[in-house]
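The listed protein sequences correspond, in order, to chains L and Z.
Mapped onto numbering that gives the first Met the number 0, the consecutive letters of the first sequence carry residue numbers 0 to 281.
Mapped onto numbering that gives the first Met the number 0, the consecutive letters of the second sequence carry residue numbers 0 to 296.
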Amino acid sequence: MKKNHSIGEKKTARIFLLWIPLILFLLFLLFPFYWTFVTSIKPAEELHSLKVIYWPQHPTLDSYKHLFNQFNFLHPMKNSLIVAAITTLVSLTVSTLAAYAFSRFRFAGRKPLMVLFLTNNMFPTVLLLIPLFTIMRKLGLLYKPTSLVLSYTTFTIPFSVWLLSGYLNDLPLSMEEAAMIDGADRAKAFVRIVLPVLLPCLLATGVYIFMQSWNEYTFAVLFTNENSRTIPVALKMLVGQLGVQWDLITAGGIITVIPVCIMFFFAQKRLVAGLTAGAVKG
Amino acid sequence: MEIHRKRRRGSGIWPYLLLAPALIIMLSVVIVPIINAISMSFQSYNLTRPKKIGFIGLDNYAKLINDSLFWKSLLRTLIWVFFGVGCQFVFGFMLALLLNKSFKGRGVVRAVSLIPWVTPGVLIALMWSWMFDGNYGVINDVLLRLHIISDKVAFLAKPASAMPSVIITIVWQGIPFFALMILAGLQGIPGDLYEAADIDGATGLKKLFYVTIPSLRNTIFVTTMLRIIWVANSVDVIFNMTEGGPAYATQTLSVYVYKKASSLDMGYASAMAIMLMLVLLVAAIPYLHNTFRDQEG
């Protein structure tokens with residue numbers, strides 16, 4: 000009898016100390032997405048009815064059709080894809096090389112250079128934005144995808160170097176050394192031994208860079224025009240054109256987050272492990 | 000030492016070659032632009048008046064000292080960062096403690112609760128603007144049903160409610176990051192610390208303050224620092240919700256600089272951006288100190 004009683008108490012404690020607060024948190028964190036989705040499938044009269052409707056009586060995909068047919072949303076999607084893909088490729092390549100240098104060599108100037116990369120996030124976005132705008136303007140790069148790729152490397156490269164150095168430091172030196180003793184030079188050892196093991200980490204880092212470039216707004220709004228604008232800018236433009244068209248904006252929002260969410264779920268575990276490793280240690 | 004010396008001698012030019020591409024890019028997109036910004040801050044540099052561009056010494060800085068909007072924006076930045084990051088920390092910590100318990104579906108819950116963190120800032124701003132809407136907003140509807148308010152409130156249109164509204168939005172965005180960092184820290188605390196506390200008869204709250212929080216000191220410190228820098232610099236959420244209004248009620252320094260830069264007054268914008276950087280530098284001295292120390296050897 001006594002045992003049953005304590006089990007019952009434990010259950011009640013779990014409900015109050017775990018499930019109720021957890022459900023409240025999830026409600027707070029996820030409700031905005033539910034609301035965005037519901038708004039995107041509401042017909043106009045339900046959207047602007049004075050009685051707020053929590054689930055549409057007549058759900059419709061009109062706003063999605065509108066978005067692609069009249070507002071040609073595929074075009075900014077394509078622009079975003081190009082910018083994000085090139086940024087990812089460039090940042091990953093140069094960062095992998097740099098991270099390998101930091102992780103595997105001890106050389107004069109190593110410490111100040113690492114600090115330079117690590118403290119890069121101290122510079123306010125707006126501080127870099129101003130000179131980059133005038134420089135891109137002078138070079139004739141303004142409104143071209145290159146200007147965004149270059150701007151995004153200001154934060155993606157330092158971050159990737161930091162993340163990849165962490166992953167590399169965790170890889171044992173012994174395998175490379177064994178290969179090098181067997182006569183492979185360092186480049187061969189890197190390509191044959193390190194790269195395959197590092198691949199999942201590279202993918203996780205790549206996903207993070209891609210997400211950041213895909214989501215970026217502050218640079219994008221100043222560095223693009225009608226032809227080169229990326230998704231975040233296009234989303235904001237929907238506010239201006241004919242008043243605020245919430246059904247279109249929310250539909251665009253759903254389309255924007257879905258690819259990012261899918262990528263994130265695949266990379267999530269390793270990415271989180273890499274991100275937290277640096278901050279958690281000693 | 001012996002190994003280090005050997006490695007350094009053996010490595011020769013290699014590390015520099017490997018670093019060169021990243022360094023060249025960083026030099027041209029970060030270092031050169033910052034020097035550029037410093038030089039612009041001493042010039043009258045308004046792209047709408049290209050003929051008047053020229054050196055004016057400290058005029059931009061003098062103007063800034065007398066600009067009451069600058070000081071107000073600085074104060075708003077402090078409020079924005081203090082409440083934004085403070086609430087992110089408290090709620091992120093609570094979420095991490097919950098996610099550290101074992102229950103069915105924990106992996107899914109953990110992944111799903113990170114979604115706000117990967118959502119674009121513009122979309123966050125638009126989503127929340129729509130929920131805060133004074134006529135059709137769902138937040139008004141919920142508060143009315145719960146009898147917390149008796150009339151609809153135009154949250155983003157009133158100076159008194161606009162700042163709390165944008166802060167709630169940034170807190171929503173930042174909780175997942177805090178939760179995931181602190182969760183990783185929690186999982187690194189050795190179990191025997193809690194066992195020892197149990198033997199000493201410590202209760203839940205005592206364990207939290209005498210075991211959990213002290214063990215997480217470094218994690219909390221680094222995460223909070225990163226967040227402070229990030230939140231102080233963020234433009235997109237506020238800009239897309241209120242554009243700094245109404246009546247400058249939500250205009251932080253970053254937003255003020257951004258608006259000046261958008262109107263192409265680059266000289267004055269640079270001077271203010273440099274002030275923002277100096278403020279952040281002062282706030283981050285302990286963090287920088289930490290970074291330098293960690294890179295020993």
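Every residue gets a Cβ at the ideal spot worked out from N, C-alpha and C, and that includes glycine.
None of the values given here were measured: they were computed from a predicted structure.
- Here Val89/L is near Thr152/L, since their CB atoms are less than 8 Å apart.
- The beta carbon of Ile114/Z lies closer than 7 Å to none in the same chain, with the five residues before and after it left out.
- Remark: C-beta atoms of Phe122/L and Val29/Z approach each other more closely than 8 Å.
- Taking 8 Å as the Cβ-Cβ cut-off, the stretch 104-124 of chain L approaches chain Z at Phe104, Arg105, Phe106, Ala107, Arg109, Lys110, Leu112, Met113, Val114, Leu115, Phe116, Leu117, Thr118, Asn119, Asn120, Met121, Phe122, Pro123, Thr124, given in chain order.
- From the listed residues Ala196/Z, Ser101/Z, Leu179/Z, the smallest Cα separation to Phe92/Z is found for Leu179/Z.
- Flagged as an interface residue toward chain L: Asp235/Z, by a C-beta distance shorter than 8 Å.
- Between the beta-carbon of Ile129/L and that of Met25/Z there is about 18 Å, and that puts the pair past the 8 Å contact cut.
- Each residue's CA atom was taken as its position, placing Val31/Z and Ile134/L some 10 Å apart.
- Three or more beta-carbon pairs separated by less than 8 Å link the stretch 213-228 of chain L to the stretch 67-86 of chain L, which places the two stretches in contact.
- The C-beta of Gly120/Z comes closer than 8 Å to at least one C-beta of chain L.
- Close partners of Tyr99/L in chain Z (Cβ separation under 7 Å): Leu17.
- Residue contact with chain Z for Lys235/L: present (Cβ-Cβ distance below 8 Å to some residue of chain Z).
- Taking a Cβ-Cβ threshold of 7 Å, the residues of chain L close to Ala110/Z are Phe264, Gln267, in chain order.
- The stretch 244-261 of chain Z and the stretch 136-149 of chain Z do not touch, with fewer than three beta-carbon pairs separated by less than 8 Å.
- Ser43/Z is a Cβ neighbour of Gly266/Z, given a cutoff of 8 Å.
- Straight-line measurement puts the Cα of Gly187/Z at about 29 Å from the Cα of Val259/L.
- For Ser233/Z, the number of other beta carbons within 10 angstroms of its own is at least 16, and it is reported as buried.
- Under the DSSP definition of a beta bridge, Phe54/Z partners with Gln42/Z.
- Thr290/Z and Leu172/L have their C-alpha atoms some 25 Å from each other.
- For the stretch 207-239 of chain Z, the set of residues with a beta-carbon nearer than 7 Å to any beta-carbon of chain L comprises Asn217, Thr218, Val221, Thr222, Ile228, Asn232, Val234, Asp235, Asn239, in chain order.
- Listed by position along chain Z, the residues whose Cβ is nearer than 7 Å to that of Ser94/L are Ala21.
- With distances taken between CA atoms, Asp235/Z lies nearest to Asn214/L out of Ile19/L, Asn214/L, Phe264/L, Cys200/L.
- The C-alpha of Leu147/L lies about 12 Å from the C-alpha of Gln211/L.
- With respect to Leu127/L, Tyr207/L sits apart: the two C-beta atoms are not nearer than 8 Å.
- Residue ranges of uninterrupted alpha helix (DSSP H) with 4 or more members, entirely inside the stretch 240-279 of chain Z and ordered along the chain, are 252-261.
- The beta carbon of Gly53/Z sits closer than 8 Å to the beta carbons of Gln42, Ser43 from its chain, once the five residues preceding and following it are set aside; these are given in chain order.
- For Leu74/Z, the enclosing alpha helix (DSSP H) has its first and last residue at 67-98.
- The Cβ atoms of Lys41/L and Pro55/L sit closer than 8 Å to each other.
- Annotation for Ile138/Z: Met130, Phe131 place their beta carbon closer than 6 Å to its own, counting only its chain and skipping 5 residues before and after.
- In the three-state DSSP reduction, Gly242/L falls in the strand class (E or B).
- Membership of Gln172/Z in the alpha helix (DSSP H) is indicated by the continuous run 158-186.
- Taking 8 Å as the threshold, the shortest C-beta distance from Thr11/L to chain Z does not fall below it.
- Between the alpha carbons of Ser159/L and Phe27/L lies a distance of about 31 Å.
- In the three-state DSSP reduction, Phe70/L falls in the coil class, being neither helix nor strand.
- Selection Thr249/L, Gln244/L, Thr204/L evaluated against Ser164/L yields Thr204/L as nearest (Cα-Cα).
- Annotation for Leu163/L: the continuous alpha helix (DSSP H) segment containing it runs 144-169.
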